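Colleague:
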Amino acid sequence: VKRRFCYPAFLVFVVIATTAIVGDISRNPSVILAGEHLFLASVENGPDVVLNEYIRKNETFENWKVLFAVRQVRSARTVDEVVARWKAYLSQVKSPGMSLREDESSTPSDRRFTLAIRPPGDSYLENDELRFIPAPNGKGVIYYQAAVRTNPADKAEMRAAFPKLVALGEALQAISVQPIERMP
Numbered sequence: 004v005k006r007r008f009c010y011p012a013f014l015v016f017v018v019i020a021t022t023a024i025v026g027d028i029s030r031n032p033s034v035i036l037a038g039e040h041l042f043l044a045s046v047e048n049g050p051d052v053v054l055n056e057y058i059r060k061n062e063t064f065e066n067w068k069v070l071f072a073v074r075q076v077r078s079a080r081t082v083d084e085v086v087a088r089w090k091a092y093l094s095q096v097k098s099p100g101m102s103l104r105e106d107e108s109s110t111p112s113d114r115r116f117t118l119a120i121r122p123p124g125d126s127y128l129e130n131d132e133l134r135f136i137p138a139p140n141g142k143g144v145i146y147y148q149a150a151v152r153t154n155p156a157d158k159a160e161m162r163a164a165f166p167k168l169v170a171l172g173e174a175l176q177a178i179s180v181q182p183i184e185r186m187p
């Protein structure tokens, strides 16, 4: 009897297994960034980009308030190349009231940005601090993203998030986290 591979059943298994792993992220690698203890919750390892996302242990990707991401673009030769790709992506994003500003202290090999972006429907405001630097040993470019998400209708919450965002931006100036290629 020849067995057929059942892709839908396999997909359901992967989703259940991934949910079980992500359910208790407190055993995963973690970083402390500006006083926030964040745990690895997702790893995407594509042919050219490795992406790691860290969140608080009691949050999910649906309700996170603080997120830290590390991306490594392996094929990139310069920081400017990755920044240009990122800006091209942002130009296609539909956001009511997106704001992007490059930090005055940016250099060609260490570019820093502040981004405010909202999804259509304005359900939240995401404020990001980003830093783009060459990867060690000439293996592409790494960029770090620290984000705080707030309710745009809650002015007090938005004001309270500002000092956290500033602290995260300052923490990115000295960070050197390398991406992990697969979930532990």
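Start counting at 1 in the sequence shown, then tack on 3, and there's your number in this note's numbering.
From the three backbone atoms N, C-alpha and C, an ideal C-beta is built for every residue, glycine too.
Small disclaimer: the values here were computed from a predicted structure and weren't measured.
Between S45 and the rest of its own chain, which residues show a CB-CB distance below 6 Å, the 5 nearest in sequence each way excluded?
Modeller: Excluding residues within five positions, the ones whose Cβ falls inside 6 Å are E56.
Colleague: Flag this pair as touching only if the stretch 88–100 and the stretch 157–164 have three or more C-beta atom pairs under 8 Å; answer yes or no.
Modeller: Cβ pair count under 8 Å is below three, so no.
Colleague: Measure the C-alpha to C-alpha separation of I28 and I35 and round it to an integer number of angstroms.
Modeller: So the alpha carbons of these two residues sit roughly 14 Å apart.
Colleague: Output the boundary residues of the beta strand (DSSP E) element that contains P137.
Modeller: Run containing P137: 128–137, per the beta strand (DSSP E) assignment.
Colleague: Kindly list the residues whose CB is nearer than 6 Å to the CB of D51, restricted to its own chain and excluding five residues on each side of it in sequence; keep chain order.
Modeller: For D51, where only same-chain residues beyond five positions count, the Cβ hits under 6 Å are R77, S78.
Colleague: Could you check the C-alpha separation between E84 and L93 for me, to the nearest Å?
Modeller: Distance between the alpha carbons of E84 and L93: 14 Å.
Colleague: Assuming contact is defined by CB atoms lying nearer than 7 Å, are P137 and S112 in contact in what I supplied?
Modeller: Their beta carbons are under 7 Å apart, which means P137 touches S112 by this criterion.
Colleague: Is it buried or exposed for E110, if we count other Cβ within 10 angstroms and need 16 for buried?
Modeller: It is worth fixing the name first, because residue 110 is Thr in this sequence and not Glu. It counts as exposed.
Colleague: I need the boundaries of the beta strand (DSSP E) containing S102, first residue and last residue.
Modeller: Residues 102–105.
Colleague: On the CB-based measure, 16 or more other CB atoms within 10 Å of its CB, does A163 come out buried or exposed?
Modeller: It is exposed - the Cβ of A163 has fewer than 16 other Cβ atoms within 10 Å.
Colleague: Could you please give the first and the last residue of the uninterrupted alpha helix (DSSP H) stretch that includes V96?
Modeller: Neither: V96 is in no alpha helix (DSSP H) and is coded neither H nor E.
Colleague: Rounded to whole angstroms, what is the Cα-Cα separation between N66 and N140?
Modeller: Taking the straight line joining both Cα atoms gives about 36 Å.
Colleague: Under 7 Å, do V86 and F42 count as touching if we go by C-beta distance?
Modeller: No, these two residues do not count as a Cβ contact at 7 Å.
Colleague: Taking the continuous beta strand (DSSP E) assigned at E65, which residues delimit it?
Modeller: Unbroken run through E65: none, as it is neither H nor E.
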